[in-house]
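Protein chains: 2
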Amino acid sequence: MKSNKVTFADIARYTHFSKTTISRYFNDPDSLTLENQQIIARALEELDYKENKVGRILANGRTEFVGIIVPNLYLHYYSEMLNQILSSYETYGYKFLVFAGNSNEETERRYIRELLAYNIEGMIVLSHTIPSEELASYHIPIVTIEREDRYTCSVNTDNYMGGIQAASLLYKNHCDVLIHINVNVPKEVPAYGRIQGFLDICAEHSLPHELILADLGNTYQENKAAIQKLAGYLDEKYAGQKKGIFLSNDTYANILLNYLIQLHGCLRDDYRIVGFDNSPISSEAVIPTSTVGQQIDKIAAAAMEILVEQMKERKKRKPAPSTGPIHRVITPVLISRDTTRG
Amino acid sequence: MKSNKVTFADIARYTHFSKTTISRYFNDPDSLTLENQQIIARALEELDYKENKVGRILANGRTEFVGIIVPNLYLHYYSEMLNQILSSYETYGYKFLVFAGNSNEETERRYIRELLAYNIEGMIVLSHTIPSEELASYHIPIVTIEREDRYTCSVNTDNYMGGIQAASLLYKNHCDVLIHINVNVPKEVPAYGRIQGFLDICAEHSLPHELILADLGNTYQENKAAIQKLAGYLDEKYAGQKKGIFLSNDTYANILLNYLIQLHGCLRDDYRIVGFDNSPISSEAVIPTSTVGQQIDKIAAAAMEILVEQMKERKKRKPAPSTGPIHRVITPVLISRDTTRG
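Going down the list, the protein sequences come from chains A and B. Be aware that the first sequence starts at 781, since it is given in the working numbering, and climbs by one per residue. Be aware that the second sequence starts at 781, since it is given in the working numbering, and climbs by one per residue.
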């Protein structure tokens, strides 16, 4: 079944060069004259030679593989991040072996062992389960995105700036009270910055505010039930006051928006809403919703840039000693739509 | 930087077995006694031996790689399909090299050449650009999903059944006129079945109907403009009649729903809406929207099943001659929500 297997010997015979010359063509082409390179290139085409990279890996130890572990592809944030990372193939040529973990620590460890067995040159980790200290202990280039990152290089959204942007927008909308709805984010997770940014703006302007950190469940139906309950509570507690509500993602913001419309027949003027992420749902909602947009393309590009830098360094005969993990933050972009107008 | 590289020679020295015995442990373990297997296994642990699969590939030619080409990961349909395909690792152990094409034929050809250079054992193709005849000419196991599939094995939703389900639901809602909005799907693409199913139900019950096949654009903003224009046209043309509208995906259905709500302040009783796919937007919409659900988990599982079968066959000394492409269809599931109630 295997189509023609052309060997170096075949190419040598065909071109009347030695096998060493053919080998040099593949591993150090500039050591041949341009003319000889062209003769061999033409021969490869005529012989319908198919490159066998697995063979080359054995020769030079470079797999050009990068492993990726995402928690899931259900959330748009992860699928779009993967999309952007995959598109870096055009820039760097690295191929991606992708695993979707499921927040199970043991499963993800198994995935990492599998990736290491394939001699990946580096890894991008978006899942949260394995501590960065353990990731660092694998001694291969790793970049993490938007997760605990004390011992690993990382790229994150400037979450603190995002919290500032959201709260400032609500402040400028002359809200009487500012409310932030989030889950109970641990302080070592970058997303905690959203809470801090919100609190700092409230403190700066002495704004009445309420911080609601709650378990909002793990499925859409659970999120919906929890947020509808919170909406009822806020609607009653702050009746007559202009409420500026900042939710930690666009899915939550959309649930709140839809529930308020069902409750009052429209988004009443005493409500202002801001989400986070700039997921499709924020623009596709019945009332296009204001949000703090994550620049996923820039985050992915920065992650690959840092990773490639490290992978290159490792290939040098004398790699420079590591200077400790690099952490880069990407500024979010505030997108003001119809839920914070007027 | 590379952590300990334990060789067969090291293991042989440590266990006092010959290198041949160690090699047999990896390639044909049952040729050793259970006791000797255990001695070697223990030694591997004590030596902290890391398996090098690249080495094994060279020995037995099996990479355990499957290539995947998706058009993008922006549409939930593709990201969820990838999610499901990746999860088959737990069942079959195949690793996935993933490329996101961008509907550019030449780019996707380059991706395929790259995948072949890594000796992938098979490929799953979701992108539409390269004709199935050309895919078949690569002579490796391939399964395509929801695209032209004359010369390749494929798994598709039973689109015809989906069209039947959607139109029947609107018929049971006592609509005066049935409308189907879709792009101009070529007849050789499986999704054409949605149009045929719709038309057949209309013919069977002699229902007044209109088939609108139009260029709805390539971005969300273009989709929105096109569908809002169509909504205005239908609202005027069929004023006073009960309109049952079947749209070819949930994004389109959501645009229509939101526009009608903006137009009339609510979804008026003379409108019934059904989408297709069961994307998150259908349940997360301001009025949860009826849809024809694709069983993405089953489609992905069937695709891997067919692919694994073929990959296994190829590894036999005498593979059975091919019997022509297998085409499997998966029944969709009608999900009736609030846009077709009452």
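For every residue, glycine included, the Cβ atom is placed at its ideal position computed from N, Cα and C. Just so you know, these numbers come straight off a predicted model, no measurement behind them.
Put residue i into one of helix, strand or coil per three-state DSSP.
| i | result |
| --- | --- |
| glutamate 844 of chain A | coil |
| lysine 1022 of chain B | coil |
| serine 783 of chain B | Interpretation of serine 783 of chain B is limited by its pLDDT of 41, a score under 50 that renders its predicted location unreliable; the figure taken from the coordinates is listed afterwards. Note: serine 783 of chain B maps to coil in three-state DSSP. |
| isoleucine 849 of chain A | strand |
| asparagine 962 of chain B | strand |
| glycine 1104 of chain B | coil |
| phenylalanine 754 of chain A | As shown, chain A starts at 781 and ends at 1122. That puts residue 754 of chain A outside it, with no answer to give. |
| valine 1109 of chain A | strand |
| lysine 967 of chain B | coil |
| leucine 877 of chain B | strand |
| leucine 855 of chain A | coil |
| leucine 812 of chain B | coil |
| isoleucine 827 of chain A | Just to set this straight, residue 827 of chain A is leucine in the shown sequence, not isoleucine. In the structure shown, leucine 827 of chain A sits in coil (DSSP, three-state: anything other than H, G, I, E or B). |
Check whether the Cβ atoms of residue i and residue j lie closer than 8 Å to each other.
| i | j | result |
| --- | --- | --- |
| leucine 1043 of chain B | isoleucine 1053 of chain B | no |
| lysine 875 of chain B | glutamate 901 of chain A | no |
| serine 907 of chain B | glycine 881 of chain B | yes |
| valine 1066 of chain B | isoleucine 1025 of chain B | no |
| isoleucine 992 of chain A | leucine 1010 of chain A | yes |
| isoleucine 849 of chain B | alanine 1080 of chain B | no |
| asparagine 1029 of chain B | aspartate 1050 of chain B | no |
| valine 923 of chain B | isoleucine 904 of chain B | yes |
| serine 1062 of chain B | alanine 1100 of chain B | no |
| glutamate 885 of chain A | isoleucine 910 of chain A | yes |
| serine 798 of chain B | alanine 789 of chain B | no |
| valine 957 of chain B | tyrosine 1018 of chain B | yes |
| glutamine 976 of chain B | tyrosine 940 of chain B | yes |
| threonine 1120 of chain A | asparagine 953 of chain A | yes |
| proline 921 of chain A | glutamine 818 of chain A | no |
| glutamate 1016 of chain A | glutamate 968 of chain A | no |
| tyrosine 898 of chain B | phenylalanine 845 of chain B | yes |
| leucine 827 of chain B | valine 786 of chain B | yes |
| isoleucine 959 of chain A | glutamate 990 of chain A | yes |
| valine 1109 of chain A | glycine 942 of chain A | no |
| proline 1105 of chain A | tyrosine 872 of chain A | no |
| leucine 949 of chain B | serine 1116 of chain B | yes |
| isoleucine 820 of chain A | threonine 800 of chain A | no |
Counting only Cβ pairs nearer than 7 Å, list the residues of chain B close to residue i.
| i | result |
| --- | --- |
| serine 859 of chain A | Leu853, Ser859 |
| asparagine 1038 of chain A | Val1066 |
| alanine 880 of chain A | Asn863, Leu866, Ser867 |
| glutamate 928 of chain A | Chain B residues near glutamate 928 of chain A: none, gap ~23 Å exceeds 7 Å. |
| asparagine 843 of chain A | In the sequence as presented, asparagine is not what sits at residue 843 of chain A; that position holds threonine. Within 7 Å Cβ-Cβ: Val834. |
Residues of chain A with CB under 9 Å from residue i, in chain order?
| i | result |
| --- | --- |
| phenylalanine 1056 of chain B | Those do not exist, as phenylalanine 1056 of chain B stays about 16 Å from chain A at its closest Cβ, beyond 9 Å. |
Would the beta-carbon of residue i be found less than 7 Å away from any heavy atom of the ligand NAD?
| i | result |
| --- | --- |
| leucine 1043 of chain A | Within the structure as shown, the ligand NAD is missing, as the structure has no ligands at all. |
Under 8 Å Cβ-Cβ, which residues of chain A neighbour residue i?
| i | result |
| --- | --- |
| serine 1063 of chain B | Tyr1000 |
| isoleucine 1041 of chain B | Val1066 |
| lysine 830 of chain B | Leu896, Ala897 |
Residue i versus chain A: which residues are under 7 Å apart at the beta carbon?
| i | result |
| --- | --- |
| asparagine 939 of chain B | Near asparagine 939 of chain B there are no residues of chain A at all, since even the closest Cβ is about 24 Å away, more than 7 Å. |
Along chain B, which residues have their Cβ under 8 Å away from the Cβ of residue i?
| i | result |
| --- | --- |
| asparagine 1034 of chain A | Glu1064 |
Am I right that residue i and residue j are in contact with their C-beta atoms under 8 Å? What's the rounded C-beta distance?
| i | j | result |
| --- | --- | --- |
| cysteine 933 of chain B | lysine 1023 of chain B | So it is not a contact: roughly 40 Å between Cβ atoms. |
| leucine 1047 of chain A | lysine 830 of chain B | With a Cβ gap of about 57 Å, leucine 1047 of chain A and lysine 830 of chain B do not count as contacting. |
| glutamate 860 of chain A | isoleucine 1086 of chain A | Actually they do not touch by this definition, with Cβ atoms about 19 Å apart. |
| proline 970 of chain B | asparagine 1003 of chain B | The pair is not a contact, with the Cβ atoms about 21 Å apart (cut-off 8 Å). |
| arginine 974 of chain A | asparagine 964 of chain A | In fact, because the Cβ distance is near 13 Å, the residues do not count as touching under 8 Å. |
| valine 834 of chain B | threonine 843 of chain A | 7 Å |
| alanine 1006 of chain A | leucine 1014 of chain A | No, alanine 1006 of chain A and leucine 1014 of chain A are not in contact; Cβ-Cβ is about 13 Å, not under 8 Å. |
| leucine 812 of chain A | arginine 804 of chain A | 6 Å |
| tyrosine 1000 of chain A | glutamate 1064 of chain B | 7 Å |
Beta strand (DSSP E) runs wholly inside the stretch 987-1036 of chain A, at least 3 long, in chain order: Listed in chain order, the complete beta strand (DSSP E) runs (minimum 3 residues) inside the stretch 987-1036 of chain A are 989-993, 1023-1027.
Ranges of the beta strand (DSSP E) found wholly within the stretch 1047-1078 of chain A, counting only runs of at least 3: 1051-1057, 1070-1073
Every unbroken alpha helix (DSSP H) within the stretch 897-960 of chain B, with a cutoff of 4 residues, ordered by chain: Note on the stretch 897-960 of chain B: whole alpha helix (DSSP H) runs with a minimum of 4 residues are 912-916, 939-952, in chain order.
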